[in-house]
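Below is one structure, written out as structure tokens, with a few remarks after it.
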Amino acid sequence: MIWTLLILVLAIALYMFGGKYIKSGNKKAGNLEIIMHKGINVIAIILIAGCVCRLWTPTYLVHTNPAILQEMVQNMQAQQEKVKNKEVRKYVKHHMNDMIGDAPIAGNVDAKHTIFLWSDYSCPYCRRVHGELARVLAERDDVRVVLKNFSIHGALSDAPAKAVIAAKIQDNAKAAALDKLLMDKEYFTQEDMKNQAKLPETIHANVMKLAKEAGLDTKQLEADMEGDVVRKELQNVRDLAQRFEISGTPYLIIGDQAFPGAIPYARIIEALK
């Protein structure tokens, strides 16, 4: 701002007095002097116009018409989303099976339409989108949800994420049932949070109770949770999250579109079209 004001003052001075420094021995100014004088005036006018625009534009955008800034941001986001969706479409088309990996699947496993869901069981927004997706699956048998369990909240996330992946080794339907129980019920309390030292152990025990309710062999489940299949799938989740620049949950890929955040039922249905 200071430099802009300084240049503006100099430009005005140049316009007003710049011609006086062009002297001639003749009483009549030659063509060269006239051209130089006009050139100085043009340069001065350009500098003045540039400085005025630089000083006036921020005031206009911030105070007079801030809606333009919002529109600019929206357009920029839309352009970025378009580019990202193009990359997603290309990758999903060629790597569908690799993306599914060993992930549990909710809904019809052979469905025509696939939704990839990155979620964390301790995330309240994930619970919200889980309800919207459950509504979709209840109404349509041509949709499946591939559950990419993104363990990002430490002890609150690790046991449930591993358990649902390991549950698929026994039975995919039971894995989906455990996923539903973990999303619909509270598997830890505020009282549990008070004892951080025992929190992983407490959450593990609570998850096993829900696993038993889902009809799983909990002894086998505990063994599988520490096995290669679970490690491989968790790495797959992280690798894909890095590829698609997923920094939080929930995150959905529906067809060839990416949706960060908890989108509503109507938007899911629209994306499936």
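Going from the sequence shown to the numbering used here is simple: count from 1 and add 594. Glycine included, C-beta positions come from ideal geometry on N, C-alpha and C. Given the structure is predicted, the values throughout are model-derived calculations rather than measurements.
Local Cβ density within 10 Å of leucine 750, reported as buried at 16 or more and exposed below that = Classification for leucine 750: buried.
With methionine 701 as the anchor, note down where its beta strand (DSSP E) starts and where it stops.
-> A small fix is needed here, since residue 701 is glycine in this sequence, not methionine. 699-701 is the span of the beta strand (DSSP E), which, as asked, contains glycine 701.
Span separating the alpha-carbon of aspartate 786 from that of proline 854 | Their Cα atoms are separated by approximately 30 Å.
Are at least three pairs of beta-carbons, each pair with one atom in the region 755-767 and one in the region 720-728, less than 8 Å apart?
-> These segments do not touch.
Straight-line gap, leucine 824 to threonine 651 (C-alpha atoms, nearest Å) | It is valine, not leucine, that sits at residue 824 in the sequence shown. Cα to Cα, valine 824 sits roughly 55 Å from threonine 651.
Residue range of the alpha helix (DSSP H) that includes serine 751 = Here the alpha helix (DSSP H) through serine 751 covers 749-764.
Cut-off 6 Å between Cβ atoms - residues of its own chain near methionine 777, not counting five sequence neighbours on either side | Within the same chain, methionine 777 has close Cβ partners Arg721 and His724.
If histidine 688 sits next to serine 716, beta carbons under 8 Å apart, how far is it from one beta carbon to the other, in whole angstroms?
-> Contact between histidine 688 and serine 716 is ruled out by a C-beta separation of about 33 Å, above the 8 Å threshold.
Please list, in chain order, all residues of the same chain as valine 801 whose beta carbon is under 8 Å from its beta carbon, the five residues on each side excluded.
-> Cβ-Cβ distances below 8 Å link valine 801 to Ala753, Pro754, Ala757, Leu776 and Tyr781 in the same chain, with the five nearest sequence neighbours on each side left out; the list follows chain order.
Could you name the residues that DSSP lists as bridge partners for valine 682?
-> Looking at the DSSP output, valine 682 shares a beta bridge with no other residue.
Taking C-alpha atoms, which residue in Ser713, Trp712, Ala860 and Asn691 lies nearest to valine 703?
-> Relative to valine 703, the option among Ser713, Trp712, Ala860 and Asn691 whose CA is nearest is Asn691.
Best match in His631, Ile797 and Lys706 for proximity to lysine 870 [C-alpha to C-alpha] = The chain is shown only over 595 to 867; residue 870 falls outside these bounds and no answer can be derived.
Complete runs of the alpha helix (DSSP H) confined to the region 764-829 [at least 4 residues] = If you keep only unbroken alpha helix (DSSP H) runs of at least 4 residues inside the region 764-829, you get 766-778, 784-787, 793-807 and 812-819.
Own chain partners of asparagine 830 with C-beta closer than 6 Å, once the 5 adjacent residues on each side are dropped | Answer for asparagine 830: Gly695, listed in chain order.
Cβ-Cβ separation, proline 844 to leucine 641 (assumed contact under 8 Å), whole Å | Between leucine 641 and proline 844 a beta carbon distance of about 52 Å is seen, past the 8 Å cut, so the two are scored as non-contacting.
Could you tell me which of Ala852, Ala767, Val740 and Ile857 sits nearest to lysine 684, measuring between CA atoms?
-> Closest option to lysine 684, Cα to Cα, is Ala852.
Provide the residue span of the beta strand (DSSP E) that contains isoleucine 848, from first to last.
-> It spans 845-848 - the beta strand (DSSP E) in which isoleucine 848 sits, taken as one unbroken run.
In whole angstroms, what separates the C-alpha of isoleucine 637 from that of phenylalanine 744?
-> Going from the Cα of isoleucine 637 to the Cα of phenylalanine 744 covers about 59 Å.
On the premise that lysine 779 lies in contact with leucine 804, defined as a C-beta separation below 8 Å, what is that separation, rounded to the nearest angstrom?
-> That belief holds up - the Cβ atoms of leucine 804 and lysine 779 are roughly 7 Å apart, short of 8 Å.
List the DSSP bridge partners of histidine 707.
-> Partner(s): Val737.
Given isoleucine 840, which residues of its chain have a CB within under 6 Å of its CB, disregarding the five upstream and five downstream residues?
-> Leaving aside the five residues that flank isoleucine 840 on each side, the residues in its chain whose CB is nearer than 6 Å to its CB run, in chain order, Trp712.
Note down the Cα distance separating aspartate 822 from alanine 769, rounded to an integer number of angstroms.
-> Their Cα atoms are separated by approximately 17 Å.
Could you tell me if threonine 796 is buried or exposed, where buried requires 16 or more neighbouring beta carbons within 10 angstroms of its beta carbon?
-> It is buried - the Cβ of threonine 796 has at least 16 other Cβ atoms within 10 Å.
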